[in-house]
Amino acid sequence: MILARLILGLLSLAPMTGYDLKKHFDSSINHFWNADKAQIYRTLSQLVGDGLATVRTVPQENYPARQEHHITDAGRRALLGWLSGPLDPPAGREPFLGRVFFAGELDRDSVLGLLAERRRQSLATLAEYREQRAEIGPGVAADRRAFLMASTLDNGIGHLEAELEWLDSVEGRLP
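Sequential numbering from 78 applies to the sequence shown in our numbering.
(1) Of all the options Ser89, Pro252, Glu171 and Leu129, which has the alpha carbon lying nearest to the alpha carbon of Asp184?
(2) Among the residues of its own chain, which have a CB less than 6 Å from the CB of Ile106, if the five just before and after it don't count?
(3) Mind reading off the beta-carbon distance from Thr134 to Ile84? Whole number of angstroms is fine, and I expect it under 8 Å.
(4) Quick check on Glu248: does DSSP put it in helix, strand or coil?
(5) Taking all protein chains shown into account, do 16 or more other C-beta atoms lie within 10 angstroms of the C-beta of Met78, making it buried, or fewer, making it exposed?
(6) How about Pro92 and Glu138: are their beta carbons less than 9 Å apart?
(7) Within the chosen definition, does the region 111-120 reach the region 184-202 through at least 3 CB pairs nearer than 8 Å?
(8) To the nearest angstrom, how far is the alpha carbon of Phe179 from that of Pro172?
(9) Buried or exposed, going by whether 16 or more other CB atoms sit within 10 Å of the CB of Tyr206?
(10) Please go through the region 93-164 and give each complete beta strand (DSSP E) segment of 3 or more residues, from N-terminal end onward.
(11) I'd like to check one pair, His108 with Asn232: are the Cβ atoms closer than 9 Å?
(12) Given this structure, state the Cα-to-Cα distance separating Trp110 from Ser104, to the nearest angstrom.
(13) Taking C-alpha atoms, which residue in Arg222, Glu242, Ala81 and Val177 lies nearest to Leu203?
(14) Assuming Leu244 and Arg195 make a contact with CB atoms under 8 Å, what is their CB distance in whole Å?
(15) Assign Gly214 to buried or exposed, taking buried as 16 or more other Cβ atoms, counted over all protein chains shown, within 10 Å of its Cβ.
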């Protein structure tokens with residue numbers, strides 16, 4: 078259900094094809110949610126079937142026709158209901174922490190390798206998020222929508238910075 082609401086949110090910004098949606102997932106909300114193409118297309122089909130979105134075929138010269146999806150009034154009501162409704166409990170799933178929890182089965186060097194790999198991934202993601210944030214720039218304070226979108230990226234950056242501090246702590250105290 079959350080994926081459907083996120084897609085409705087993106088469609089509320091502008092009509093999009095499934096391909097456009099995937100690009101937006103990868104470039105604008107990947108710091109808190111990801112979806113593969115199959116999930117996006119399956120959810121779009123469901124949204125159209127439920128009357129929350131419509132699809133319009135837009136012919137293109139020298140290219141296949143675009144299947145452009147639009148949010149409907151019912152879709153906008155569903156999105157607003159989700160936005161103003163009760164919060165979902167946090168998912169609480171983190172596969173990496175599952176590995177750390179049971180990593181006592183490994184020797185110390187293997188644990189350090191596991192932590193080093195996570196650090197490498199976290200640093201790469203942090204660099205990507207910081208680059209995205211720099212592209213947005215500081216001038217979003219006057220636009221509530223842009224400010225809130227940028228704030229979610231700031232949250233992702235903060236989580237990664239906290240994780241890197243935690244990795245330092247674990248590595249420094251590892252018996």
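Heads up, the beta-carbon is just placed ideally off N, CA and C, and yes, glycines get one too.
None of the values given here were measured: they were computed from a predicted structure.
Considering the structure as presented:
(1) Pro252
(2) none
(3) At roughly 19 Å, the Cβ-Cβ gap does not stay under 8 Å, so Thr134 and Ile84 are not in contact.
(4) helix
(5) exposed
(6) no
(7) no
(8) 11 Å
(9) buried
(10) 130-137 and 140-148
(11) yes
(12) 11 Å
(13) Glu242
(14) 6 Å
(15) exposed
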